[in-house]
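Following the numbering used here from start to finish, the sequence shown increments by one per residue and tops out at 514. One structure below.
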Amino acid sequence: MFSWLRRFFVSSSVNKTAHATSKGSKKNGSGANAQPRNYDINKGTKNLKMESQNNAGVFSYAPTPLSITSLIKDISLMHPPGIAGDICNEMVEFEFRELASLRPIVPIMILSTIASELPKGRFKYNVYSIVTAPSAAGKEAHQSYLKSVLNKLGYERHVHEAPRSDKAIILDLLYAAATSAYIMDEGHVLFRSSFAAKASNYEKNMADLLMQLKTANSFKLTGNLKRDLEESLRPRIEKLTSRKKLDEETTNQLQELKALYALLSEPIQSPHLSMISYSTPSSVRFMFTEQGIATGFLGRFIYLRSGEKRAVLRYKDPSSLLEASKQIEASDGIISRLQNIKTIVPPTFNSEAKMFLTEVTKYLDSDAIRNHPILGAIFARGAEQILVISTLLALEEGIVTRQMVGYSFKLFMNSIDECCNYLNAKEQGEANALTQIVEEKVFQYSKKHGAASIAVIRNHIEKCSSAIRTKVCVDRDFLKKTLADMADAEMLVEVEPKSFIHAEFAENQNRSSV
C-alpha cells in the first residue's frame, strides 16, 4: 500500500598555515609537539615547569568504577550474547574482508525492527547508529545480509534507503504502519546536507524530524508539513474523483490517496524509526562537534568504528571468490528463531541484571558524568540506551542477563570513547593550526621589526589574526603558553633583557648589538 506514492513526494534534492619550523625547533619541538609549560615570561628567564598531561585528551571523564569494570572485562564487543552473537557468527561467511567490529550493529538493527511489534511502553526500542570503515573494507556484505533478513521476515515495505525530505520520512511511516528501517550507504551525505550552514529548509527539517522521532511516543504533523502534504494530495484526489469511469487499478489508487489524506489529521502513534548509517571515518568527522553533542544529535546514536586498515581478502583463489559472491542470504535456522521472537512479550530483567543496571545507572547519573561540560548530553541518555539494547539482546530468551547489560554498557561507552577520539583529534588539529599561526607571526614580526618585548609581540599577533583573538577570548593564557613553548624550544630567543626575537634572526640581532 502507498508504495507508488513514495516517488511522488521525494524531493530532489583552519586558517591557512605557512611556516616551516626553524633550526632552533630541533631541540624539544614546538607547537603540537611541545609539552605545555608554565613560563614566567615577565622575568625574561626560562623558568619552565612541566604540567601534568592528560593522556585521555581534553574530553576525558571520570573513570568507570571497579565494581563495573571487573564485571565487563571479559566481554567482547565483537561477540554479543544470545541470538545477536549467532547472527554475527553467520555473517562471517559472507564477508570478503573481515569486519568483525561492525557486525554487532546488524543483529541489533534486526532486533530493533522486530521490537516495533512488541507492546508499547515508556521506552522505545528503535536504534540510531553510525558505523564507519575505510572505503572498500566490506561494508556492503553487512548491508546485504541485513536487508536479506528483514525481507525474509516480511519487513520489505519497512526498509528504505536514505530519505531525501521530511515529507518522505513521514510517508515512509504512514506507508508502513508507523515503522521504518533506514539502511543508508554513505549516510554522511544526508547529515552533511541537513547540518550545512546553507542547507535548505527541508534539509534542516529532516534532521529535526529524525531527532524528534527517535524519542517521541506520538508525533503530530506540524502545520507546514501537514499543509504541504495535503496540498500535494488534494489535486490528485480531485483529478481521480472527477473521472466518470475508474478501472480497478485507478480505484485502488484513489482509495490509497484518501486513506493517506485521512491519516494526516491524526497523530502518528508510537512511530518506530531505526537507522543505520554506513560511511568512512573521515566522512563523518564533521558531525562530531560540541554543537552536535549539545543539540542532542550525537546522544541519540551508537557509533561503531572499524580499524584504520582494510583486512586482507578472505578468499585467495578465484573459485572461492566466485562462491562467496553468490547471493547473501541468512540461514533458515536464524530466520526461524527470529520469526519466533515476534510473538513474545518484552523481556524481564533477572536479579543480577537489575543490580548491575542499578550500578551502571548510578555511575552514569553521578554529578561528574551527567553534568560533564561537554559529554553530559550524551551520558544523560546512557541509561536509556543501555536498557533498550539489553532488552533487544534478550528478545529470544525473554530474560535480560547481567552479561547483556554489561555488553550494552560496554557498547555505549565504546561509542563515547570513539566520539572523544574525534573531538580530541579536532581539538588537537585546531591547536596545531593556531600554534603554527603564532610561530608564523613571530617569524614575520622578527624579520620586519627585530627584537621586541613579549607584550609587543603578543599585541601584534592578536591584532593580525582573528583566529588568535577568538582563541584568547576562551583561553586567556593561550598566547603566553605558546610563546613560552617557543622560548623553551629555542625558537624564541632573549637577545636582551625582556627583548625577544625569532631564532632565525637572533644571530644577526646579536651582531648588530655588538
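Heads up, the beta-carbon is just placed ideally off N, CA and C, and yes, glycines get one too.
Whole-angstrom C-beta distance between residue j and residue i, which should lie under 8 Å
i: PHE123; j: GLU384; result: 6 Å
i: GLN403; j: PRO65; result: Between PRO65 and GLN403 the Cβ distance is about 18 Å, and since that is not below 8 Å, they are no contact.
i: MET206; j: PRO163; result: 7 Å
i: VAL442; j: MET486; result: 7 Å
i: ALA451; j: GLU504; result: So it is not a contact: roughly 12 Å between Cβ atoms.
Which listed residue (the options) has its alpha carbon closest to that of residue i
i: LYS309; options: PRO81, PRO373, ALA100, ALA84; result: ALA100
i: LEU357; options: LYS410, ALA177, LEU190; result: LYS410
i: ILE276; options: LEU264, LEU102, SER465, TYR128; result: TYR128
i: ARG314; options: ILE75, ALA259, ALA141; result: ALA141
i: PRO281; options: HIS372, LEU240, GLN428, GLU186; result: GLU186
i: LEU264; options: SER232, PRO104, GLU427, GLN339; result: SER232
i: GLU359; options: HIS372, ALA311, GLY382; result: GLY382
i: ALA380; options: PRO373, LEU364, THR391; result: LEU364
i: ILE105; options: ASN371, ASP488, ILE87, SER366; result: ILE87
i: VAL284; options: CYS464, VAL388, HIS188; result: HIS188
i: LYS471; options: HIS502, VAL442, LEU434; result: LEU434
i: ARG478; options: GLU462, ASP488, HIS79; result: It should be pointed out that residue 478 corresponds to Phe in this sequence rather than to Arg. Among GLU462, ASP488, HIS79, the Cα nearest to that of PHE478 is on GLU462.
CB contact flag (residue i, residue j, <8 Å)
i: ILE386; j: PHE412; result: yes
i: LEU209; j: ILE183; result: no
i: ILE378; j: LEU298; result: yes
i: LYS147; j: TYR278; result: no
i: PHE301; j: ILE130; result: yes
i: ASN424; j: LEU273; result: no
i: ALA537; j: MET91; result: Residue coverage of the chain in this structure runs from 1 to 514, which leaves residue 537 outside it and unanswerable.
i: SER112; j: LEU392; result: yes
i: THR348; j: VAL400; result: yes
i: GLU230; j: TYR261; result: yes
i: ILE83; j: ARG337; result: yes
i: ALA115; j: LEU395; result: yes
i: SER415; j: ALA137; result: no
i: ARG157; j: ALA176; result: yes
Whole-angstrom distance between residue j and residue i, CA atom to CA atom
i: PRO587; j: VAL345; result: Past the boundaries of the shown model lies residue 587; the chain is included only from 1 to 514, so the question cannot be answered.
i: LEU246; j: ILE328; result: 42 Å
i: GLN269; j: LYS214; result: 13 Å
i: ASN350; j: PRO107; result: 22 Å
i: GLU93; j: ALA62; result: 40 Å
i: LEU77; j: ILE437; result: 42 Å
i: TYR407; j: SER466; result: 47 Å
i: VAL493; j: PHE288; result: 39 Å
i: LYS152; j: GLU161; result: 18 Å
i: SER446; j: GLU439; result: 11 Å
i: THR132; j: GLU98; result: 14 Å
i: LYS226; j: GLU430; result: 43 Å
i: ASN252; j: ASP417; result: 52 Å
i: ILE334; j: LEU240; result: 46 Å
i: LYS426; j: ARG469; result: 19 Å
i: LEU254; j: ARG243; result: 11 Å
i: SER165; j: ASP228; result: 12 Å
i: GLU256; j: GLU249; result: 11 Å
Coarse secondary structure for residue i, derived from DSSP in three states
i: MET206; result: helix
i: PRO246; result: What sits at residue 246 in the sequence shown is Leu, not Pro. LEU246 falls in the coil class under three-state DSSP.
i: ASP185; result: strand
i: LYS498; result: coil
i: ALA32; result: The predicted position of ALA32 is uncertain, since its pLDDT is 36 and thus under 50; a value taken from the coordinates is nonetheless stated next. Three-state result, ALA32: helix.
i: SER232; result: helix
i: LEU375; result: coil
i: GLN253; result: helix
i: GLU504; result: helix
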